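Q: Dropping a structure here in structure tokens format, bear with me for questions.
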Amino acid sequence: MSKKLFLVFAALLFLSSLNAELDWNITGSGARAAGMGNAFIGIADDATAINWNPGGLTALEHFEASIVGGWVADMEESSFEDNVGSDISDDFFYDHVNVNFLSMAYPMTVSDKKLVLAAAFQKQLDFFSEDEQEDEVNLYTYNYDSDGGVYTMNLGASYQVLPYLSVGATGNIWLGESESNMEKTWDAYSQTSTSQNKNFSGFNLSLGTIFDMSAIKENVPLKIGLVLKTPFDLDYDYEYEFSDTDGYSYAESFSGSVEMPLMFGLGASYRFGENFTVGVDFERRNYAKSKFKGEYDDGTTYEEYMSPTEDDVTQFRLGMEYLIITDAVVVPVRFGIYNYPTLWANEDNQLYYDGDDTYGNPIYISDEDASDLEQLVGTGLSLGSGVIFEKFSLDFSFNVYSYENTYKNYFVDGPWGGYESEESWTNTKATMNMSAVIYLDTFIK
């Protein structure tokens, strides 16, 4: 196999793994926010505001530390049908636990105005994935595993400019790595092994503000939040290795970047009485023209749009929180609903014969372009609760979202003319998060 073909194959494998494994809906963290469907831009009153909306950090009253961990489960059901009798279905499940947020925040007063400084760590992109398949008829097995992630180290500050207006900023240092391994075995004759290693780095800013109407009119408990995340290049170095039992091996490395776009959001929250709060968010991530880019040592370059539909990723979120207040403890009850846009597309392809490759295999091209494709959008629900004491608080949440992807092909002419097939995948992801906040100053007094 030629080097050029291997370069193209390695690049496509890398780009496919990035888009397949990752959730590009970059958001904040925290079980409280998650329990409210992540409708948190207009609330942002705990340490996770450092990423949700740094302007909200001035709501913190304590010198505090927090940690967020979670259980993540991925479930997929797939099917394949064609017009020559094939009818195949499969499903798989994998799960893992992780720590996805750590923080410390310190409030102070400067010139009679409140200033809050904060530092945090957050897992932004999770590469964990597993898959095992076995075909007992053809004596074939397939094993795949991936681990690692992309993280941010965050330094943030928020200042109360006016009694009703706070502004904040966070510097985000992006770093991380991942490793994946794939092994295919045909018992009768061969085994192939593929490994990928990726390292990432980047930097951007999150800018936010909170407008608190209740500071102007006490009987109007409305808060409005704005957040903007600056675009940047998420740079990567990539190493690819391939080997088989016939003695063939190949290694390649290249570097490039993911064009992370401008992201901005608007949120509002309204408190009904002392116990009930409703939040709503609109957030847009401008992925429409963002690309994966790369270059090999020999000068070979490649690029591909992140979104095959060239659509932005636009999300709407609605959440609510009701506080049950007793003398000893406060117990919140939370609920949320949201849409889940993706960088995937449902496709219905008309394929036309375009000659044969050098091995005599037919080449087909599609007549579709980005305007013909339909962006894939799912739906999510969340529940949450917790306990709030004087010296610490615990929060819990359960989120689930699902979407279905279909891929249809119809071969119009050529050797495969008249053949048609349909593949579909139903993907469901469930997460359980737990947050713990310790109010350190209550132990110091």
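When you read off a place in the sequence shown, starting at 1, and then add 889, the result is the number in our numbering. The beta-carbon is built from N, C-alpha and C at its ideal position, and this holds for glycine as well. If you're wondering where the values come from, they're calculated on a predicted model, not measured in any experiment.
#1: Enumerated in chain order, which unbroken segments of the beta strand (DSSP E) with a length of 3 residues or greater are wholly contained in the stretch 971-1019?
#2: Give a yes or no on whether the C-beta atoms belonging to LYS1073 and TYR1031 are separated by under 8 Å.
#3: In chain order, what residues of the same chain have a beta carbon less than 6 Å from the beta carbon of ASN1175, not counting five sequence neighbours either side?
#4: State the DSSP-derived secondary structure class of ILE915, mapped to helix, strand or coil.
#5: Rounding to the nearest angstrom, what Cα-Cα distance links LEU901 and ALA1104 in this structure?
#6: Distance check for GLY945 and GLY1091, CA to CA, integer angstroms please.
#7: Between the C-alpha atoms of MET890 and SER1138, what's the straight-line distance to the nearest angstrom?
#8: Thinking LEU1064 and PHE1089 are a contact (beta carbons under 8 Å), I'd like their distance in whole angstroms, please.
#9: Determine the direct distance from the alpha carbon of ASN1228 to that of ASN1108, and round the result to whole angstroms.
#10: Taking DSSP's pairing of strands, which residues face LEU1272 in a bridge?
#11: Measure the Cβ-Cβ separation of HIS951 and THR1189 and say whether it is below 8 Å.
#12: Taking DSSP's pairing of strands, which residues face ARG1206 in a bridge?
#13: Which runs of the beta strand (DSSP E) spanning at least 3 residues fall entirely within the stretch 1053-1085, listed in chain order?
#14: Let's test the definition: count the other Cβ atoms within 10 Å of the Cβ of ALA1217 and tell me whether it reaches 16, buried, or not, exposed.
#15: In the structure shown, what three-state DSSP assignment does ILE1254 receive?
#16: Specify the secondary structure class of ASN1093 as computed by DSSP and reduced to three states.
#17: Please classify LEU901: does DSSP put it in a helix, a strand, or coil?
#18: Kindly confirm or deny that the stretch 947-966 and the stretch 989-1003 touch, where touching means at least three C-beta pairs closer than 8 Å.
#19: Cβ of MET1102 within 8 Å of Cβ of THR1166?
#20: Going by DSSP, name the residue or residues bridged to ALA962.
#21: Taking ALA1325 as the reference, which of SER918, TRP913 and ARG1160 has the closest Cα?
#22: If I follow the unbroken beta strand (DSSP E) through PHE1278, where does it start and stop?
#23: Would a check of beta-carbon distances place TYR1176 closer than 8 Å to chain D?
#24: DSSP three-state call for MET1149: helix, strand or coil?
#25: In whole angstroms, give me the CA-to-CA distance for ASP1237 and SER1047.
#26: Taking the Cβ atom as the reference point for each residue, do PHE1224 and SER1271 lie within a distance shorter than 8 Å?
#27: Using 8 Å as the threshold, is the C-beta distance between SER1067 and SER1035 below it?
#28: How is MET1042 classed by DSSP in three states: helix, strand or coil?
#29: Relative to the C-alpha of THR851, which residue among ILE1213, PRO1197 and TYR983 is closest?
#30: What first and last residue would you give for the alpha helix (DSSP H) that runs through PHE1332?
#31: Please check the pair SER1079 and THR1134, which I expect to be a contact at CB under 8 Å, by giving their CB distance rounded to whole angstroms.
#32: Among the residues of its own chain, which have a CB less than 7 Å from the CB of ARG1160, if the five just before and after it don't count?
#33: From ALA1319 to THR1268, what distance separates their C-alpha atoms?
#34: According to DSSP, is MET890 part of a helix, a strand, or is it coil?
#35: Under 8 Å, do GLY924 and LYS1112 count as touching if we go by C-beta distance?
#36: Quick one: residues in its chain with C-beta nearer than 7 Å to the C-beta of ALA938, no 5 flanking neighbours on either side, listed in chain order?
A: Straight from the coordinates:
#1: As far as the stretch 971-1019 is concerned, its whole beta strand (DSSP E) runs of at least 3 residues are 976-999 and 1002-1015.
#2: yes
#3: PRO1150, LEU1151 and ASP1201
#4: coil
#5: Only weak support is given to the placement of LEU901: the predicted model assigns it a pLDDT of 48, under 50, and the value that follows is read from those uncertain coordinates. Rounded to the nearest angstrom, the two C-alpha atoms are 54 Å apart.
#6: 25 Å
#7: Bear in mind that a pLDDT of 43 at MET890, under 50, signals an unreliable position, so the model cannot answer this.
#8: Rounded to the nearest angstrom, the Cβ distance from LEU1064 to PHE1089 is 6 Å, consistent with a contact under 8 Å.
#9: 32 Å
#10: PHE1224 and PHE1287
#11: no
#12: ASP1170 and TYR1227
#13: 1054-1075
#14: exposed
#15: When DSSP states are grouped into helix, strand and coil, ILE1254 belongs to the strand group.
#16: strand
#17: Because LEU901 carries a pLDDT of 48, less than 50, the predicted location of this residue cannot be relied on, and the following value inherits that uncertainty. Correct three-state label for LEU901: helix.
#18: yes
#19: Remark: C-beta atoms of MET1102 and THR1166 do not approach each other more closely than 8 Å.
#20: ASP984 and ALA1319
#21: Residue nearest to ALA1325 within the set SER918, TRP913 and ARG1160 is SER918 (criterion: CA-CA distance).
#22: According to the DSSP assignment, PHE1278 belongs to no beta strand (DSSP E), since it is labelled neither H nor E.
#23: Looking at the structure shown, chain D is missing, and only one protein chain is on hand.
#24: strand
#25: 49 Å
#26: yes
#27: yes
#28: strand
#29: Absent from the model: residue 851. The displayed extent of the chain is 890 to 1334, so no value can be given.
#30: 1330-1333
#31: 6 Å
#32: Once the five neighbours on either side are set aside, the close Cβ partners of ARG1160 are PRO1110 and THR1166.
#33: 12 Å
#34: Residue confidence is low: MET890 scores 43 on pLDDT, short of 50, so the model does not pin down where it sits. Its coordinate-derived value is still stated next. The answer is coil: DSSP assigns MET890 none of H, G, I, E or B.
#35: no
#36: GLY945 and LEU946
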